[in-house]
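Residue numbers (UniProt numbering): 1 to 241. Using N, Cα and C, we set each Cβ at its ideal position, and we do this for glycine too.
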């Protein structure tokens, strides 16, 4: 991916240390210290131009968000969107310049509660499958970094990547829920924040695929409780008075 950015991008990023970090590995195991609170930490891997992470951090002030990308021009654009969304410096958002290949160097075990994978590069050629962010070699890292409430939320326009991802999660023994083959079939899905790509693809009538992956032990416990509650409610509904 090549981005044509303006000159002085690195200087722009260095001038906003409260929002941007170019050395996120320095905060490994200390992200709550960086935010100054013990709120849950949600991370978007491959944040693009930053629309999703900026809006999510505005809507959920009780959660700390970290957007990661390896292109400094995207961090610059993301910082502009974040300040516009928050009308100033967001207190619960950090944008980090990093290569996701080495994500384990940025977070300690159990430091994250949720990972967002939004419209990741599908790497369609079979020989590039190991580069997909839902390949088992990446998922193993996510499992290590996520805490007991940990989940992975994924959206993509690529059927190939979605099928690959479902198989990858299943092969690793992970439960999935809220699987959708056409997220916006009945209009924009409620309580869903769109990325730039998602808005574009939805306007073009393309299907958006989505799923949630339950990773942490307490997240799984809560998921099973919800299933039992729905089953009980369904049984009561079917009982003849």
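Status (buried if at least 16 other CB within 10 Å, exposed otherwise) for residue i
i: residue 105; result: exposed
i: residue 13; result: buried
i: residue 217; result: exposed
i: residue 152; result: buried
i: residue 149; result: buried
Check: residue i C-beta below 8 Å from any heavy atom of the ligand MG
i: residue 137; result: Questions concerning the ligand MG fall outside what the structure shown contains, since it holds no ligand whatsoever.
Continuous beta strand (DSSP E) stretch holding residue i: start and end
i: residue 231; result: Element bounds for residue 231: not the beta strand (DSSP E) but the alpha helix (DSSP H), 217–238.
i: residue 153; result: 146–156
i: residue 177; result: 175–180
For residue j and residue i, the rounded distance between their alpha carbons
i: residue 209; j: residue 185; result: 11 Å
i: residue 91; j: residue 44; result: 17 Å
i: residue 2; j: residue 19; result: Note that residue 2 has pLDDT 46, beneath the 50 cutoff, so the model's placement of it is unreliable and no number is given.
i: residue 133; j: residue 121; result: 8 Å
i: residue 206; j: residue 157; result: 7 Å
i: residue 123; j: residue 160; result: 9 Å
Limits of the alpha helix (DSSP H) - the one that residue i falls within
i: residue 14; result: 9–14
i: residue 42; result: Looking at the DSSP string, residue 42 is not in any alpha helix (DSSP H); the run it does join, the beta strand (DSSP E), is 41–45.
Three-state class that DSSP yields for residue i in the structure shown
i: residue 64; result: strand
i: residue 185; result: strand
i: residue 97; result: strand
i: residue 213; result: strand
Cutoff 9 Å: residue i Cβ touching any chain D Cβ
i: residue 229; result: No chain D is part of this structure, which consists of one protein chain only.
- Query: Would you say the region 194–202 touches the region 48–60, given that touching needs at least three Cβ pairs under 8 Å?
  - Reply: yes
- Three CB pairs or more closer than 8 Å across the region 61–70 and the region 82–102: yes
- Message: Check whether the region 32–47 and the region 107–120 touch, using three or more Cβ-Cβ pairs below 8 Å as the test.
- Response: yes
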